Every structure is written in structure tokens, then in C-alpha cells.
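Take the sequence shown: its letter number 50 is residue 58 in our numbering, and every next letter is one higher.
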Amino acid sequence: MKIVKEIDQNILNDEICLIPTMGALHEGHLSLIKKGKESGLSTMVTIFINELQFDSKEDFSNYPSKIEDDIKTLDNLDIDYLFIPENNYIYPDSGFEKIDSGPIGKKFEGNSRPGHFDGMLTVVNRLFQLTLPKIAIFGKKDAQQLFLIKEMVNKKNYPIKIIEGLTVRDNLGLALSSRNLLLSKYGEEKARLINQILNHSKKEFCEKKDLNIFKKLKSYYSDGDIEIDYLAIVDPETFGDPLEKTENYIIIIAAYIENIRLIDNIEFKLERV
Ligand code: PAF
């Protein structure tokens, strides 16, 4: 594994499969890397904690950083490149494009974390322009992020294939996330409720076929341990409200546990009779 801070022509001579991360790697990232290796291209993992996508300085400075552990983990995985850029390489004083995430980027996560998706797309666009990947891999846990990245790739006509990695969960259903490291044991237990809420919401929706149940479920589940920011259902094609013709659905949730913001989702098809 070659660790690089900058991208040179030698690297660009390879066909790159890019796996962008902010580090504090867990099994979810490792499953994305496994997919990357299956592509047969040169795999490049990036670790860059992108300040632009944090809406508060506190959240940015609390974000877990485990660079030494990450390097050890990646060393055993036989990837080709680990790209750890400096901030001023990604964001020079001038000459990089700030991306506007548009109307979908202002909803849900974007509504609660203003500027988050503009910052996320800006760094992803920058990474794409610097590394010119043939393939890039992102996890489905960040469903809205994935939607916006695919939208940007389409709009900009980039010849990049986006591969989606399934959400990895622990054996009690908690979606793996670097932010889980910030939870106490008790908080981790409470965080397992998130997946249960999603499964219960799916069951209720499939039975009642009523788009209004989510408000009730949100207040039903909110208590002292879990504060639900949003619980909503969207059409994965548009990330907007489901329509009469919608067949596939995603229920998305964001909740605070011990002041840590966690997100998750469940995707399903509604069988019509
Ligand atoms: O999902 C993440 O870890 C980040 O949002 C990403 C895509 C690496 C951009 O900073």
C-alpha cells in the first residue's frame, strides 16, 4: 500500500476505484473496500475529515480520528493507495468549485445540518477531479448522500460508475458508523432502537399504506433516551414524497442518542395485490 498526500501522473496512469472515507474505519468501510477490490481496478482509499461538511465546529472536533489504527487496518487489506490529503491540497486558496446540493440537499439531513451536503459534494467532486476514478464506492447507510452524489455525477456527466455498498450492522441490528465510537455502552444499546423503529415503521406502512403514520411513530418513540429528528418515507428515485406509482420506498431516520446524531434507513418494495 502506497500512502500518498498528493496525486501525480503515475497514479493517474492506473484505473482507480475510489473509496472515500473520513477514517475511523469499521466493518462497513471494509465491506466497501472488499467491493473495490472485486472491481479489479487499483483501489484507492481516502481518509479526509472534511471540515466543510460539518455544520458545527464542535461536531468537527469531536469526530473520531484514528489514523494510526486505520493505516494498520488498511495495511492488511492489500489496497493499492491510501490517499491522506492535507486540507490545503483539497482546498487551495482559489480554483476549486463549491457545489450547491440543490433542493434535495436542503431536506432531512440538509435541513438539520445546513450546508452539510454542499460541503460533502464539494469534497467528493474535488476527490473525483483529483483522482479521476473509473469507479467510486459509497455506502447505502447514507442514503441521501448517495442520492446526491449520483445526481451530481449525472449532472456533470462524469464517466464514473457509482457502486453502492450495503449497510453493515452488528448482530443486534445497529448500523455501523464511526460515530458509534462516541456512544457509551448504554447509548449503544439505545441506538439499537433505531433499527427496530425502522422495521416497525415498515410493518405499519405496509399494513396501513398510510403516509401519515410517520408523525405518530416519531412522537411514539421519542423519549428521554432517543430524540428523533426525522422519520420519513421517500421514493428512492426522487428522494421526494412517494407517489401513486411508487413501488420502492426508503424509510429514513435521524436520531440523537447521548447527543450523538445517528442516521439509518430501510429500503423495500411494496407488493401490490
Ligand atoms: O460518508 C463519508 O464518510 C463522507 O461524507 C465522504 C463521502 C467521505 C465525504 O467526506
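Glycine is no exception: its CB is placed at the ideal position from the N, C-alpha and C atoms. All values derive from a computational prediction rather than experimental measurement.
Determine the extent of the alpha helix (DSSP H) in which K158 is found, giving its start and end residues. 151 to 163
So, under 8 angstroms CB-CB, F125 and L156 are touching, yes? Tell me the CB distance rounded to an integer number of Å. 6 angstroms
Candidates I75, K106, I107: which alpha carbon is nearest P93's? I75
Alpha carbon of R200 to alpha carbon of A151, nearest angstrom: 19 angstroms
Roughly how many angstroms lie between the CA atoms of I236 and S230, to the nearest whole one? 6 angstroms
Got a sec: does the ligand COA put a non-hydrogen atom nearer than 7 angstroms to the Cβ of N70? Within the structure as shown, the ligand COA is missing, the only ligands being the ligand PAF.
Is the beta carbon of M30 within less than 7 angstroms of some heavy atom of the ligand PAF? yes
As an exercise, report each continuous beta strand (DSSP E) stretch of at least 3 residues that is fully enclosed by the region 42 to 77, in chain order. 50 to 55
So which of E159, P122, P141 has the shortest CA-CA distance to G48? P141
For the beta strand (DSSP E) that G173 lies in, which residues bound it at each end? 169 to 173
Between which two residues does the beta strand (DSSP E) holding I221 run? Segment 221 to 229 is the alpha helix (DSSP H) holding I221; no beta strand (DSSP E) there.
Please look up how many angstroms separate the CB atoms of G113 and L60, rounded, as I've assumed it's under 8 angstroms. Their Cβ separation, rounded to whole angstroms, is 13 angstroms, which puts G113 and L60 out of contact at 8 angstroms.
Let me check one thing: in DSSP terms, what residues is D108 bridge-paired to? D108 is not bridged to any residue.
Note down the Cα distance separating D266 from I19, rounded to an integer number of angstroms. Asp is not the amino acid found at residue 266; the sequence shown has Glu there. So the alpha carbons of these two residues sit roughly 43 angstroms apart.
May I ask which residues mark the beginning and end of the beta strand (DSSP E) holding I27? 24 to 29
Whole runs of the beta strand (DSSP E) within the region 229 to 257, excluding any shorter than 3 residues: 235 to 242
Cβ-heavy atom distance, V131 to the ligand PAF, below 7 angstroms: yes
Within 10 Å of its beta-carbon, does T246 have 16 or more other beta-carbons around it, so buried, or fewer, so exposed? exposed
Short Cβ contact (8 angstroms threshold) for L135 with L26: yes
Taking just the CA atoms, how far does D233 sit from Y194? 10 angstroms
How many whole angstroms separate the CB atoms of P28 and V132, which I take to be in contact at a CB cut-off of 8 angstroms? 6 angstroms
Note down, in chain order, each residue of its chain lying with its Cβ closer than 7 angstroms to the Cβ of D108, except the 5 sequence neighbours on either side. D126
Answer yes or no: the CB of Q153 versus the heavy atoms of the ligand PAF, is any distance below 7 angstroms? yes
Beta-bridge partners of R177, as assigned by DSSP: A183
Beta-carbon contacts of H34 that lie in its chain and below 6 angstroms, excluding the five residues immediately before and after: L184
Boundaries (first-last residue) of the beta strand (DSSP E) holding G147: 143 to 147
Relative to the C-alpha of D16, which residue among N273, S209, Q137, I260 is closest? Q137
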